[in-house]
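Residues in the sequence shown are numbered consecutively from 1, following the numbering used here. Yeah, the Cβ is synthetic: ideal placement off N, Cα and C, and Gly gets one too. Notes to accompany the following structure.
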Amino acid sequence: MNGLALLVTGGARSGKSSFAEQLASRLGERGIYIATSQIWDDEMRQRIARHKQDRDSVAFEWRTIEEPLRLAEQLNELSRQLADEGRDVRPPVVLVDCLTLWLTNWLMHSELADEEDAQLPLEQQRLAEEAEKLADAISGYPHPLVLVTNEVGDGIVPEYPLGRVFRDEQGRLNQRIAAVCERVFLVTAGIPIELKSRAFQWDEL
């Protein structure tokens with residue numbers, strides 16, 4: 001099942017992360033959990049601790065890597081490391097949770113840079129470049145890979161500019177990553193539905 005990339009999307013508390021972890025446990029005997037979250041406050045610290053405790057409570061071996069920004073580079077490096085282990089060792093499945101926090105980190109990184117130096121504005125072009133690098137890394141990753149993201153554009157239009165940029169860039173990111181994944185799942189109320197097999201085909205007209 002080498003080279004299989006799966007994308008899991010859904011709203012907040014939809015059950016998408018739990019479903020993604022179940023997928024991972026079916027795809028490998030052990031896993032690498034790439035956490036993109038950063039600790040901004042005590043609530044986030046507690047949330048991360050709970051997630052880690054939940055993973056440790058199941059009979060599946062996880063190794064956690066924290067990578068808030070350089071996600072494409074991390075996937076490329078893992079590909080090289082696992083290649084060095086040799087073909088006799090079954091590679092672990094990689095779970096990335098989540099792309100929304102990764103995007104948020106880049107937005108905050110750009111926003112902070114803008115505050116510190118007027119020559120470093122928040123540039124959507126940089127976000128597009130990073131998204132393209134990530135899509136290339138996913139396409140080239142030779143082992144099972146599960147990615148989690150969020151659907152954020154179904155609600156009201158954010159009233160502040162950064163919120164609108166985030167909403168738009170999240171939608172673009174989801175489309176780009178979905179295009180390079182073999183299967184895409186939407187999870188609502190804990191119920192997963194596979195989207196690509198149900199997608200409309202223009203030749204059906």
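Cβ-heavy atom distance, residue i to the ligand PLP, below 8 Å
i: E21; result: This structure does not include the ligand PLP; it has no bound ligands of any sort.
Nearest-angstrom Cα separation, counted from residue j out to residue i
i: R183; j: K196; result: 6 Å
i: E194; j: G15; result: 14 Å
i: E85; j: V157; result: 48 Å
i: L95; j: G28; result: 11 Å
i: N174; j: V89; result: 32 Å
i: R45; j: K52; result: 11 Å
i: E61; j: Q81; result: 18 Å
i: H109; j: N76; result: 22 Å
i: E169; j: V93; result: 27 Å
i: L107; j: R30; result: 32 Å
i: G171; j: V187; result: 16 Å
i: E151; j: P192; result: 14 Å
i: Q124; j: A72; result: 18 Å
i: P121; j: L134; result: Confidence is the limiting factor: at P121 the pLDDT is only 44, short of 50, which leaves the residue's position unreliable and the question unanswerable from this model.
i: R26; j: R198; result: 23 Å
i: V8; j: Y33; result: 15 Å
Buried or exposed (CB count within 10 angstroms, at least 16 for buried), residue i
i: F185; result: buried
i: F200; result: exposed
i: S139; result: exposed
i: P142; result: exposed
i: L264; result: Within the shown structure, residues of the chain are numbered from 1 to 205, placing residue 264 beyond reach of any answer.
i: G190; result: exposed
i: A137; result: buried
i: Q74; result: buried
i: L205; result: exposed
i: A59; result: exposed
i: Y160; result: exposed
i: W214; result: Residue 214 lies beyond the range of the chain shown here (1 to 205); nothing can be said about it.
i: D97; result: buried
i: G153; result: exposed
i: G10; result: buried
Three-state class that DSSP yields for residue i in the structure shown
i: P142; result: coil
i: E61; result: strand
i: E66; result: strand
i: D97; result: strand
i: R198; result: helix
i: L6; result: strand
i: L23; result: helix
i: A35; result: strand
i: R30; result: strand
Is there contact here, the segment 9-27 with the segment 134-153, by at least three beta-carbon pairs under 8 Å? yes
Which runs of the beta strand (DSSP E), 3 residues or longer, sit entirely within the segment 154-188? 183-188
Does the segment 58-67 come close enough to the segment 4-12 that 3 or more CB-CB pairs lie under 8 Å? no
Mind the definition here: the segment 24-41 touches the segment 167-179 only if three or more C-beta pairs lie below 8 Å; say whether that holds. no
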